[in-house]
Amino acid sequence: VDRRKERKKEMKHLDIGGSSFDRTFGCPGWLEASKGIAKNPAGPAAIKGSMHHEVQETCRKEDKVPDQLIGLVYKENGVELEFTEDDLDLSEIGYDAVDALLDEHDVDIMEIEPFVQIIPDVAGGSIDLLGVSHDDETMVEIDYKFGRVKVNPKNNKQMLFYLMCARRDPVTADLFEGVKKFIVAIVQPQCKGVTFTWECSLAELDAFEVEAMEKIALAQTEDAPRSPGSWCKYCPAAPYCDAKKFKVDEALLITPTHKKELQAAADIVEEVEEWVNAVKSELYAQVERGAKIKGWKLVEKVGKRAWIDADNAETALKEAGLKMANISTTTLMTAPQIEKVLKKHKDIEFDFDSFVEKKSAGHTLAPEADGRDAITTTGAPENLKKLMAKK
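To convert, take the position in the sequence shown, counting from 1, and add 864; that gives my numbering.
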């Protein structure tokens, strides 16, 4: 415990960290390319996820459960977010999933949010939870994800980076004595299944570390190579990167009418969409700051009419001769809203499931990584089959 507190004091943002290590591994040149480019602040979803991280960390450190932290206020970049009963379900799912993992692997030594470095002040980061089994042979590494897109733990570069840092950091190195295997676990409450694990051997960690150290060394040079890919998402340099632009230009040459070309387009469609969104976001930020970008301007959104004072408006309407039934509506709250109400009134017995059905809203296209099950289609028209069969 004393060691953990000491590391917490040392925590800082490092140039080469875990959350961006997939990018560092794939494109060592991103770090140099990003120098001088301001990072966009975290959005509402990211801040919400960080709040849930804070709840999980506090529960483990203070031996509490999530419902004891109702009212906790999380602060980030001037934003304050309160942990309420509406957030409880997600946090309890995550908390229970971690408990199950710790029990399954007989973990009796835990480090919560240890800050580990493989190169002091250059490369390292914070691990959500690191545990060792009673027989010292199994190490469990846990990372919380609160998004909806499933994150695969297999060969996950962020998780492997944290492990190699912890193994080399003098403060945590002793935990690795006797360890023969690693359970890399992603706990993701918003995904079906919640807990996703991968067993990693010492040999696999060794091999990763050799390659990772080469990438880290490259990333610290001024002429580090740039290689665009899926890791460009959230890269500050993406809107300005020539290598990325060349790849997008190549995508524009694809005519996705035949199967082979459609597959080529499908392989990069998300990457191109992310790049377009990154460019638009940067355009907005720069134009808002007063920059002149040819072909773009800021305009007012279409306004929506609203009461200046609803109570005064209601009084005036009644005085004008209208009845309450003419100016207001009363409808039953939605099923999810009622479910939350019932959770607050546990003394009320109500067979909720008997009154609820889940209707499909149709289907939509999603990447393979999406946590939802694929549906079976009825087949394609003959003319489309012939078209798609062309080479």
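Using N, Cα and C, we set each Cβ at its ideal position, and we do this for glycine too.
Bear in mind that the values here come from a model prediction, so they are computed numbers and not experimental data.
**OP:** List the DSSP bridge partners of Thr-1061.
**Re:** The count along the sequence shown starts at 1 and reaches residue 1061 at position 197. For Thr-1061, which the question treats as bridged, DSSP gives the partners Ala-1049.
**OP:** Please report the Cβ distance between Ala-1149 and Asn-904, rounded to the nearest whole angstrom; I am assuming they are in contact, meaning their Cβ atoms lie under 8 Å.
**Re:** As a position in the sequence shown, residue 1149 is number 285, starting the count at 1. As a position in the sequence shown, residue 904 is number 40, starting the count at 1. Rounded, the Cβ-Cβ distance is 7 Å, consistent with contact.
Original post:
Under the three-state reduction of DSSP, which class applies to Leu-945: helix, strand or coil?
Top reply: As a working note, residue 945 is residue 81 in the sequence shown. DSSP places Leu-945 in strand when its eight states are reduced to three.
Original post:
What residues in its chain sit with their C-beta under 7 Å from that of Lys-1111, if we drop five residues either side in the sequence?
Top reply: On the sequence shown, position 247 is the one that residue 1111 refers to. Closer than 7 Å at Cβ, skipping near neighbours: Pro-1092.
Original post:
For Ala-1225, which residues of its own chain have a beta-carbon under 8 Å away from its beta-carbon, when the five flanking residues on both sides are left out?
Top reply: Indexing the sequence shown from 1 puts residue 1225 at position 361. Hits under 8 Å: none found.
**OP:** Give, in chain order, every unbroken run of the beta strand (DSSP E) that is at least 3 residues long and sits entirely within the region 925-994.
**Re:** 937-940, 943-946, 971-976, 979-983, 987-990
Original post:
Around the Cβ of His-998, are there at least 16 other Cβ atoms within 10 angstroms (buried) or fewer (exposed)?
Top reply: Within the sequence shown, residue 998 is the residue found at index 134, counting from 1. Looking at its Cβ environment, which holds fewer than 16 other Cβ atoms inside 10 Å, His-998 is exposed.
**OP:** Could you tell me the boundaries of the beta strand (DSSP E) in which Tyr-1026 lies?
**Re:** Counting from one through the sequence shown, the residue named residue 1026 turns up at place 162. Segment 1021-1032 is the alpha helix (DSSP H) holding Tyr-1026; no beta strand (DSSP E) there.
**OP:** Specify the secondary structure class of Met-1003 as computed by DSSP and reduced to three states.
**Re:** Counting from 1 along the sequence shown, the entry for residue 1003 is found at position 139. If DSSP states are grouped into helix, strand and coil, Met-1003 belongs with the strands.
Original post:
With burial defined as no fewer than 16 other Cβ atoms inside 10 Å of the residue's Cβ, what is the status of Asn-1020: buried or exposed?
Top reply: Your numbering for residue 1020 matches position 156 in the sequence shown. Looking at its Cβ environment, which holds 16 or more other Cβ atoms inside 10 Å, Asn-1020 is buried.
Original post:
Between which two residues does the alpha helix (DSSP H) containing Ser-1145 stretch?
Top reply: As a working note, residue 1145 is residue 281 in the sequence shown. Element bounds for Ser-1145: 1123-1152.
Original post:
If we ignore side chains and look at the alpha-carbon of each, how far apart do His-917 and Tyr-1008 end up?
Top reply: Working through the sequence shown from its first residue, we reach residue 917 at position 53. Working through the sequence shown from its first residue, we reach residue 1008 at position 144. When only Cα atoms are considered, His-917 and Tyr-1008 end up about 7 Å apart.
Original post:
Can the beta-carbon of Leu-1082 be found less than 8 Å from the beta-carbon of Ala-1088?
Top reply: Along the sequence shown, one-based indexing puts residue 1082 at 218. Along the sequence shown, one-based indexing puts residue 1088 at 224. Yes, the pair counts as a contact, with Cβ atoms nearer than the cut-off.
**OP:** Can you give me the start and stop residues for the alpha helix (DSSP H) that Gly-881 sits inside?
**Re:** Walking along the sequence shown from the start, residue 881 turns up at place 17. Looking at the DSSP string, Gly-881 is not in any alpha helix (DSSP H), and its letter there is neither H nor E.
Original post:
Which whole-angstrom value is the C-beta distance of Ile-976 and Arg-1031, which I expect to be below 8 Å?
Top reply: Your numbering for residue 976 matches position 112 in the sequence shown. Your numbering for residue 1031 matches position 167 in the sequence shown. Actually they do not touch by this definition, with Cβ atoms about 18 Å apart.
Subject >> DSSP beta-bridge partners of Val-1013 >> reply: The residue you call residue 1013 lines up with position 149 of the sequence shown. Asp-1234, per the DSSP bridge assignment.
**OP:** Within 10 angstroms of the Cβ of Pro-1100, are there 16 or more other Cβ atoms? Answer buried if so, exposed if not.
**Re:** As a working mapping, residue 1100 is identified with position 236 in the sequence shown. By the neighbour-count definition (other C-beta atoms within 10 Å, threshold 16), Pro-1100 is a buried residue.
Subject >> Among Leu-1206, Ile-1080, Ile-1191, Ala-1189, the one whose alpha carbon lies nearest that of Met-1197 >> reply: For the purposes of this step, residue 1197 is identified with residue 333 of the sequence shown, where counting begins at 1. Out of Leu-1206, Ile-1080, Ile-1191, Ala-1189, Leu-1206 has the C-alpha closest to the C-alpha of Met-1197.
Subject >> For Thr-1240, the three-state DSSP class (helix, strand or coil) >> reply: Walking along the sequence shown from the start, residue 1240 turns up at place 376. Reduced to three states, the DSSP call for Thr-1240 is coil.
Subject >> Contact the region 878-898 vs the region 978-987: 3+ CB pairs below 8 Å >> reply: yes
Original post:
When you compare only the Cα positions, how much space is there between Leu-993 and Asp-950?
Top reply: Within the sequence shown, numbered from 1, the residue matching residue 993 stands at position 129. Within the sequence shown, numbered from 1, the residue matching residue 950 stands at position 86. The straight-line gap from Cα to Cα measures roughly 25 Å.
Original post:
Would you call Trp-1171 buried or exposed, if buried means 16 or more other Cβ atoms sit within 10 Å of its Cβ?
Top reply: Taking the sequence shown and counting its residues from 1, one reaches residue 1171 at position 307. Exposed.
**OP:** Answer yes if the region 1039-1046 comes into contact with the region 945-961, meaning at least three C-beta pairs across the two stretches below 8 Å, and no otherwise.
**Re:** no
**OP:** Compute the Euclidean distance between the alpha carbons of Asp-866 and Ala-1107, then round it to the nearest angstrom.
**Re:** On the sequence shown, position 2 is the one that residue 866 refers to. On the sequence shown, position 243 is the one that residue 1107 refers to. Annotation note: pLDDT 35 at Asp-866 (below 50); position unreliable, coordinate value reported separately. Rounded to the nearest angstrom, the two C-alpha atoms are 47 Å apart.
Subject >> Same chain, Cβ closer than 6 Å to Ala-1130, five either side skipped, listed in chain order >> reply: Counting from 1 along the sequence shown, the entry for residue 1130 is found at position 266. Hits under 6 Å: none found.
Original post:
My guess is that Gln-1316 and Ser-898 are in contact by the Cβ rule of under 8 Å, so how many angstroms apart are they, rounded?
Top reply: What the structure shows of the chain is the stretch from 865 to 1255, and residue 1316 is not part of that stretch, so it cannot be assessed.
Original post:
Among Ile-1239, Lys-1124, Gly-1235, which one has its Cα closest to the Cα of Pro-1053?
Top reply: Looking up residue 1053 in the sequence shown gives position 189. Considering only alpha carbons, the answer is Gly-1235.
**OP:** Check the DSSP bridge columns for Ser-997 and list the partner residues they point to.
**Re:** As a position in the sequence shown, residue 997 is number 133, starting the count at 1. Ser-997 is bridged to Val-971.
**OP:** Identify the continuous alpha helix (DSSP H) that holds Pro-1200 and give its terminal residues.
**Re:** Within the sequence shown, residue 1200 is the residue found at index 336, counting from 1. Residues 1199-1208.
Original post:
The alpha helix (DSSP H) with Asn-904 in it runs from where to where?
Top reply: If you number the sequence shown from 1, residue 904 lands on position 40. Careful: Asn-904 lies outside any alpha helix (DSSP H) and carries neither H nor E.
Original post:
DSSP three-state call for Tyr-1008: helix, strand or coil?
Top reply: Looking up residue 1008 in the sequence shown gives position 144. Note: Tyr-1008 maps to strand in three-state DSSP.
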